[in-house]
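Student: Have a look at the structure that comes next, please.
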Amino acid sequence: MIKLKINGLNVSVEKGTTILEAAQSVGFPIPTLCHMEGLTPYGACRLCVVEIGTGDRTKLVTSCTYPAEEGLVVRTASERVLKARRMIVELLLASCPQSKTIQDIASKLHVTQQRFRQEHEDCILCGLCVRMCKEQMMAGAIGFRGRGQNRSIGTPFDIKSEVCRLCGGCIYVCPACQLRCTFTEPDKAICGGCLNLSPPCVDKDQFHDMMCYMDPCVACEIKED
Amino acid sequence: MRRLTSIDEFNNLRLQLNSNRTAGIPTIIINAGTCGQASGANDLIRITKRELLSRALTDKINLRITGCHGFCEMEPSLLIEPRGTFYPKVNPKDIPKIIDAVLRDTVVEELLWKELGTGDTIELQQDIPFFKQQVRTIISRSEKVDPIRIYNYIESGGYQGLAKILERGKPKWVVEEVKASGLRGRGGAGFLTGLKWEMLAAKKSGSGKFLICNADEGDPGAYMDRSVLEGNPHSIIEGMIIGAYATGATNGVVYVRHEYPLAIKHLLIALRQARELNLLGEDILGTGFAFDIDVIKGAGAFVCGEETALIRSIEGKMGEPRQRPPFPTDKGVDGKPTVINNVETWANITEIIKLGAKEFAQVGTKGNSGTKIFSLVGKVKNTGLVEVPMGATIGEIVFDIGGGSIGKAKIKAVQTGGPSGGCIPVSMFDLPIDYDSLAKAGSIMGSGGMIVMDDNTCMVDIAKYYMNFLKDESCGKCYTCRKGTQRMYELLEDITEGRGTLEHLDLLEELAHVVADTTMCGLGQTAPNPVLSTLKYFRNEYLEHIIDKRCRAGVCKELVGAPCQSACPIDTQAWRYIAHISRGEYEEAYIAIREENPFPSICARVCDHKCESRCRLGQSGDRPVAIRALKRFVTDNVEPSVYKPRRSSEKQTAKIAVVGAGPGGLTAAHYLSLMGYPVTVFEMDSKPGGMLFSCIPAYRLPKEVLTKEINSLLDENITLKCNSTLGTDFTVNSLFEDGYKAVFVAVGAQKGRQLELEGEDADGVFPSIEFLKVFNQEGKQLAKGKVGVIGGGNSAVDAARTALRQEGVESVTLLYRRTQEEMPAFEEEIEAAIQEGIKLETLVTPIKITTEAGHIAGVEFQRNLLGKMDTSGRRRPIPIEDSNFELPIDTLIIAISEQPDVNSIKQDIEGGLEITAWNTLNVNENTLECSRPGVFAGGDVVTGPNTVIAAIADGKKAAKMIDRYIHGEELRKIEQPKLPSIYIEPIQISEEEQSDIERVDIPRLPIKRRTKSFVEVERAMSDADAEHEAIRCLRCDLEFTKTKSE
């Protein structure tokens, strides 16, 4: 067993456990996007960063990929961690504002505005689909291509893959595919209300062509209360 | 080649090779690395071979083709052994001459290296400043070996280290030795090599261990690894075999960029030869030790230089880093323990074994032993590979070895460590170069790229350039690295294109910190360094881009517009009046000039024309358009009344006081008056004009021109009060008491600095400012007999040329402590002075003034040598002992700079005005506001002696600021970029015609008519010449105005 300290709490876990698993086992929430049980940890979205170490030698690492080490000191929600997570969420919102998953994470971290040039992309390259296809569907039909800003997900040379069975697993795990809820604010604002899912729909003109995850959306109504 | 089956056989081979060596026969060495071949080394090789064969000299002269020796700027170059003669930039047709000289054991004098400035020739490579100050442990070995001949390498002591450790038979000792040497990884991170090896040696692995040589050198501008691989591949191979022996590794890999074909070729040949000799393979030198090396070519992704990405790339997967731990020493290539070292690290291993750890650690500093190769590139005279001991300062590399900046530009920073590194400003050039100091300064050692930047480099643009590189070269796995670099690029793009706001800056900084914090590998963690370091040291440039919408380096196109306009401190649309002149529209040209400049005729004569130095024609190899002369042509030919200044219909009630009626004060008064303010101008002299009137001689600026221009500015809003002096007749405080709402202090720098020598108070010794003043104001001629002028600035040249024109003057000598090249005076003024017969005595410093009966009799001088460069890029004068000489002098004029007269402001210091250490007024340089609200200052009283145009610019700015101050507005506001907006149809001529036209020479008064005469020297050009000159303009403005008109 490996003993480590998470947010001051002594925790013992089996060898090979990641910090994320260790933290979750004792109930500390860590937001994740590219992580999914049953798939290999990848460490792409960086949302699950935690601060490890003591004194001047602390650093941020992704808890999903970092193995628990004997005597490790971990903080899952320090100032530095939260600052980083908020910026990551801002970056995510700036590229992919329509994602329900991202909006929910943003709400939890109290991010209601992003300050970059608004983009509308439908992929954050988290790689869940790639791993799903390969590891659970045993197909390996899609993969990453290119690097830097030209990185994308697809099949080699965009030729339809012969191993793809159109199972839809890739779509099932995608955190970015839902349409956005813009509330009544301008482009860059995020209403942040989606967390509070409950009562039925209120008819509102501006939501007519929106297909919110919680269709119909009432988040704004709840927020006004 | 015979297989060597024992260490003894190897030793015998070595002895045999050494005895075969044809000692004493001269050798011609041709540098044929990639740099050499690109500059024509292959032709040299061909011709030299032909010459040697056809003249049957093959047994009299040896030829050796080697890799790069480091001085890439001077390729193709030749080195002659054993003399050590160095021939830079050799032309193939000179080869026979050089061969003849080699045969006679002499040199071809005219082909040798020439010192800049003095023109002295230097024969020996080791005496040339570029080589002299280096410690070339690694690079110099490339001179000794032909990279494709293993015997050559063995002859020069190669594989001896390997034989030594195999004989000893103690792998542990090797690890200890490397540890003791203190060698740190040369790839940039600086991890202790010995420690890494120890970890690998301790690993037990049945299926083998890996050693990797990282030759994936991807930093823009860095190429030392390529050079070592090309020039001396066996040293890397030997280093790796030693490493394998020490750590028990079984497989070696050299991971090299596909873009390095010559390095790959040499490496493959070297590996084959090593195998043939049994230095690599199953049973190395019969000792039973097995190790072999593969070459794997990388496809050129920058991220593959990162060790975990490199490992994946070797495995045939996508080059993508992974989380550490596990470290490569635990799980590397195919899961086997692996050590990765950089090319230069491996090259150092052989050196350590050869010298011994102790000896090796003698070089460099504690904790940073050995030498480091840097590739010195950018805006520096000598570019190339530079090897220095760790702990050398940046200044030593840039100024002493690199030779400082090209031309007159000033070096402002150096970028180390490539895209992951940071910019270090010139003020920190004393920084010793080692891993820790650089990291502390916000940069990194990196693999050793060093890019020098001067004031023509925009730091925001540099940050943008690196972000552009990184957003393409990030592997893209970590979201913060991929998107973060893209977003940083986007923000920087906004800033450089004039869309930046202060929020951009905050966001940029915040994002940069998060990217550094949250990414996994070294690439992402260091990616924000270019942004963070420029933000730290050059924040002002960012603010200028955002607030003033200016790019002072003239780089960011969307802010610069036409370079001539952006270079002008007062935004004169030079392109516009030049375009009008080319069309013969002189009145329109005058209006274009006058709109921005209240003193067009004066500037047409005395401006230092920054516009010409930024002129794109001048920067593309031709001479710049003669902009100042064109202005002179217009102002001489057009009646000023064609321009009607726009007056505000609003009347302002707040009274404004302007102290000093020089160019700055009058400009401020003029613009304030146009805005409707009642202005009172106080002047200590009897006439307005300040330095224009009292110091600039009439042969440069005729008095009637000056008077006419000043009078045209005085109007009913302006009250001029002459003969009233600040400090005696009034104070800033009393002005406020008298009801003035704001004060602009522009009293200039009126006090000459003294030499601080004995006898300076003797008769016949004058500060230049006093000498010029009494002559220009009262006509008193103070110069008599032999005149000496000490100084090198404009004021010195003015004083010298004025003295020459006075009665009773025999001769005039200008005495300056550095050389003519370093003189701060305008070049054309110095030239004119020399033409007129003024003697120039440089590299002298006055030591003593001798007097006779209270009158100066002579001055004792000491001669100087030019020493090392200081951070301004000028070489410091160093006195030569026993070089003193006496010069008989009847009149001595001291012109070594001026300062503001502090006495005049003394009483106001209590009122809240602050003075700097240089006795100048302390102002906020962006708003010109002094420490006391309502008081503004500009011109020489703030900057010390400066140009007329700078004073005018301050005057304009002060008027704007005072207006904002009176209305209670914020002083510094976000401006609009000043881009060309008026379309003027260009004259159509063909490109050939355009390129045929040469710059018109500015007409000057014949020399004999200048003697004892104050008639203006420069003349206006003719109509034909002016139109001809104006057509030369490249019309940079059209890029901005053309699309609008269409």
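As they're listed, the protein sequences go chains A and B.
Counting in the working numbering, the first sequence runs without a single skipped number right up to 225 at its last residue.
Counting in the working numbering, the second sequence runs without a single skipped number right up to 11046 at its last residue.
Built from N, CA and C at the ideal position, the CB exists for glycine as well.
Along chain A, in chain order, which residues have C-beta atoms closer than 8 Å to that of valine 10303 of chain B?
Tutor: Correct list: Arg147.
Student: Does the region 10489-10505 of chain B touch the region 10542-10560 of chain B, meaning 3 or more C-beta pairs lie closer than 8 Å?
Tutor: As far as the Cβ criterion goes, the region 10542-10560 of chain B touches the region 10489-10505 of chain B, which means the pair count is three or higher.
Student: Could you tell me whether any Cβ in chain E is nearer than 8 Å to the Cβ of serine 161 of chain A?
Tutor: Here the protein chains are A and B, and chain E is not one of them.
Student: Pairing CB atoms from the region 10907-10921 of chain B with CB atoms from the region 10692-10709 of chain B, are three or more of them under 8 Å?
Tutor: No, the region 10907-10921 of chain B is not in contact with the region 10692-10709 of chain B.
Student: Please name the residue in B:Ile10905, B:Ser10904, B:Pro10697, B:Thr10943 whose C-alpha comes closest to that of valine 10923 of chain B.
Tutor: It is B:Thr10943 whose Cα lies nearest to the Cα of valine 10923 of chain B.
Student: Starting from serine 10375 of chain B, follow its DSSP beta bridges and name the residues at the other end.
Tutor: Serine 10375 of chain B pairs with B:Leu10385, B:Gly10449.
Student: Pick out the complete alpha helix (DSSP H) segments inside the region 10611-10646 of chain B, 4 residues or longer, and give them in chain order.
Tutor: If we require 4 residues or more, the alpha helix (DSSP H) runs fully inside the region 10611-10646 of chain B come out as 10616-10619, 10627-10637.
Student: Are any of the Cβ atoms in chain A nearer than 8 Å to that of arginine 10003 of chain B?
Tutor: Closer than 8 Å: no.
Student: Considering only residues of the same chain and omitting the five flanking positions on each side of cysteine 126 of chain A, which have a CB-CB separation below 7 Å?
Tutor: Result list for cysteine 126 of chain A: Leu33, Cys34, Ala44, Cys45, Pro175, in chain order.
Student: Under 8 Å, CB to CB, which of the residues in the region 73-107 of chain A have a partner in chain B?
Tutor: Cβ contacts with chain B: Arg80, Lys83, Ala84, Met87, Ile88, Leu91, Leu92, Ala94, Ser95.
Student: Looking only at C-alpha atoms, which of B:Asn10152, B:Gln10486, B:Leu10052 sits nearest to asparagine 150 of chain A?
Tutor: Among B:Asn10152, B:Gln10486, B:Leu10052, the Cα nearest to that of asparagine 150 of chain A belongs to B:Gln10486.
Student: Which runs of the alpha helix (DSSP H) fall wholly inside the region 18-80 of chain A and span at least 4 residues, in chain order?
Tutor: Fully enclosed alpha helix (DSSP H) runs of 4 or longer: 19-25.
Student: Please state if the CB of aspartate 10225 of chain B and the CB of asparagine 10368 of chain B are separated by a distance shorter than 8 Å.
Tutor: Contact: no.
Student: Buried or exposed, going by whether 16 or more other CB atoms sit within 10 Å of the CB of tryptophan 10113 of chain B?
Tutor: Buried.
Student: For threonine 10247 of chain B and isoleucine 10165 of chain B, what's the separation of their Cα atoms in angstroms?
Tutor: Taking the straight line joining both Cα atoms gives about 13 Å.
Student: If the cut is a Cβ gap below 7 Å, which residues of chain A does lysine 10483 of chain B touch?
Tutor: Result: Leu91, Ser95.
Student: Rounded to the nearest angstrom, how far is the Cβ of arginine 10312 of chain B from that of glycine 10319 of chain B, given a contact under 8 Å?
Tutor: The pair is a contact, with the Cβ atoms about 6 Å apart (cut-off 8 Å).
Student: Our contact map puts isoleucine 10880 of chain B next to asparagine 10864 of chain B with C-beta atoms below 8 Å; I'd like the distance itself, whole angstroms only.
Tutor: Right, their Cβ atoms sit about 7 Å apart.
Student: Roughly how many angstroms separate the alpha carbons of leucine 10267 of chain B and threonine 65 of chain A, rounded to a whole number?
Tutor: Spanning the two alpha carbons is a distance of roughly 38 Å.
Student: Using the beta-carbon of each residue, which ones in chain A are nearer than 8 Å to lysine 11050 of chain B?
Tutor: The structure shown has nothing for residue 11050 of chain B, since chain B only spans 10001 to 11046.
Student: Do proline 10598 of chain B and leucine 10713 of chain B count as a contact pair if the criterion is CB distance below 8 Å?
Tutor: Cβ distance < 8 Å, so leucine 10713 of chain B and proline 10598 of chain B count as in contact.
Student: Strictly by DSSP, which residues pair up with glycine 143 of chain A?
Tutor: Glycine 143 of chain A is bridged to A:Gly154.
Student: When the Cα atoms are used, what is the spatial distance from glycine 154 of chain A to isoleucine 142 of chain A?
Tutor: So the two alpha carbons sit approximately 5 Å from each other.
Student: If you count every other CB in all the chains shown that lies within 10 Å of the CB of serine 10054 of chain B, and 16 or more means buried, which is it?
Tutor: Exposed, since its Cβ has fewer than 16 Cβ neighbours within 10 Å.
Student: Tell me the rounded alpha-carbon separation between glycine 10867 of chain B and glycine 10955 of chain B.
Tutor: Taking the straight line joining both Cα atoms gives about 40 Å.
Student: Which same chain residues, not among the five before or five after proline 10986 of chain B, have their C-beta less than 8 Å away from its C-beta?
Tutor: The answer, listed in chain order, is Ala10579, Ser10582, Arg11035, Leu11038.
Student: Do you know how far the Cα of alanine 10629 of chain B is from the Cα of leucine 10958 of chain B?
Tutor: Position check: residue 10958 of chain B holds alanine in this sequence, whereas leucine was assumed. Each residue's Cα considered, the two are about 28 Å apart.
Student: On a Cα-Cα basis, can you pick out the residue from B:Arg10817, B:Val10414, B:Leu10431, B:Thr10480 that is closest to alanine 10463 of chain B?
Tutor: The candidate whose alpha carbon is nearest that of alanine 10463 of chain B is B:Val10414.
Student: Among the candidates B:Lys10408, B:Thr10393, B:Thr10457, whose CA atom is the shortest distance from the CA of serine 10427 of chain B?
Tutor: Comparing Cα-Cα distances from serine 10427 of chain B to each of B:Lys10408, B:Thr10393, B:Thr10457, the minimum goes to B:Thr10393.
Student: At the level of alpha carbons, what is the spacing between glutamine 10565 of chain B and glutamate 10509 of chain B?
Tutor: Spanning the two alpha carbons is a distance of roughly 32 Å.
Student: At a Cβ threshold of 8 Å, is lysine 10477 of chain B touching chain A?
Tutor: Yes, contact with chain A.
Student: Does the beta carbon of arginine 115 of chain A come closer than 8 Å to any beta carbon on chain B?
Tutor: Arginine 115 of chain A counts as touching chain B.
Student: With DSSP collapsed to three states, give me the class of glutamate 10886 of chain B.
Tutor: Looking at glutamate 10886 of chain B - three-state DSSP - the assignment turns out to be strand.
Student: Give me the Cα-Cα distance between serine 10620 of chain B and glutamate 11029 of chain B, rounded to the nearest whole angstrom.
Tutor: Each residue's alpha carbon lies about 17 Å from the other.
Student: Sorted by chain position, which residues of the same chain lie with C-beta nearer than 7 Å to leucine 10507 of chain B's C-beta, five sequence neighbours on each side aside?
Tutor: Answer for leucine 10507 of chain B: Leu10491, listed in chain order.
Student: Note down the Cα distance separating arginine 10002 of chain B from isoleucine 10269 of chain B, rounded to an integer number of angstroms.
Tutor: Cα to Cα, arginine 10002 of chain B sits roughly 16 Å from isoleucine 10269 of chain B.
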